[in-house]
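Asker: Sharing a structure with you now.
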Amino acid sequence: MVKFDFIKRDIVMMAAFLALMMAVEVVWVVGPVIGNLIYPVIFGAILITAARVIRKRYSILILLAVDTIITLSTAHLYGGTLAAVAYITGAIPLEGVLQLRDPYGENKNMDLLGILAYGLVSAVTYVAVMVLIYGMALPIWAMIGLIIVPLVPYVLGGFIGFRIGGRVKNVMESM
């Protein structure tokens, strides 16, 4: 049985990171091409920063599950409502990789591997929803591009998040 040992501080931090995750969706207003390059950097940075600051198992899984529920209740700008399932499917490998090392979220290589797994699984899920559920006719090169292009920005965002997360964690501990 999984025990969630979140204190009030952790829940408040999760709410703050959830608000950041909601705010980053504004990036898609600039269009899908630029959005596919900017969004993964910012979102990856937020996820890894959250993992380093909260430092509790299942925190990322809970954050992305709540994000999925919220996004399912609203219309997605690109991809329709069911594209929100990509958040929770990506959360599973990210959470799994983050839990492989103790302390949670403190190993840079595991954080980068986890965010790469998140990017790959969420992109594959997104393309599968678009093609198989919504019936969008995409050429193979476009499907491969939608899956491969965001991977490097996710890793870059994970690296930035690792650096920012360390600094935010130090500030939070000094308070």
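Going by my numbering, the sequence shown opens with residue 46, and the numbers climb by one from there. Even for Gly, the Cβ is constructed at its ideal location relative to N, Cα and C.
What's the call for M67, buried or exposed, on a 16-neighbour Cβ count within 10 Å?
Answerer: The residue is exposed, with fewer than 16 neighbouring Cβ atoms inside 10 Å.
Asker: Tell me which same chain residues have a C-beta within less than 7 Å of the C-beta of F49, skipping the five on either side of it?
Answerer: Y103
Asker: What distance in whole Å lies between the Cβ atoms of L143 and Y149, which are believed to be in contact at a cut-off of 8 Å?
Answerer: 6 Å
Asker: Buried or exposed, going by whether 16 or more other CB atoms sit within 10 Å of the CB of D112?
Answerer: D112 is buried by the Cβ-count criterion.
Asker: Mapping DSSP to helix, strand and coil, what is Y171?
Answerer: helix
Asker: Assign M46 to buried or exposed, taking buried as 16 or more other Cβ atoms, counted over all protein chains shown, within 10 Å of its Cβ.
Answerer: exposed
Asker: Less than 9 Å between the beta carbons of G190 and G89, yes or no?
Answerer: no
Asker: Could you tell me the boundaries of the alpha helix (DSSP H) in which D55 lies?
Answerer: Where D55 is concerned, the enclosing alpha helix (DSSP H) stretches over 53-68.
Asker: Going by the beta-carbon positions, is the gap between L92 and L139 smaller than 9 Å?
Answerer: yes
Asker: Would G164 and G135 be called neighbours here (beta carbons separated by less than 9 Å)?
Answerer: yes
Asker: Compare the C-alpha of L108 against each of V69, I133, N152 and name the closest.
Answerer: For the options V69, I133, N152, the alpha carbon positioned closest to that of L108 is the one of I133.
Asker: Give me, in chain order, the residues of the same chain whose beta-carbon lies closer than 7 Å to that of V130; leave out the 5 immediate sequence neighbours on both sides.
Answerer: T113, T170, V174
Asker: According to DSSP, is M217 part of a helix, a strand, or is it coil?
Answerer: For M217, the secondary structure class from DSSP, reduced to helix, strand or coil, is helix.
Asker: Exposed or buried, which one is P184 when buried takes at least 16 other CB atoms within 10 Å?
Answerer: exposed
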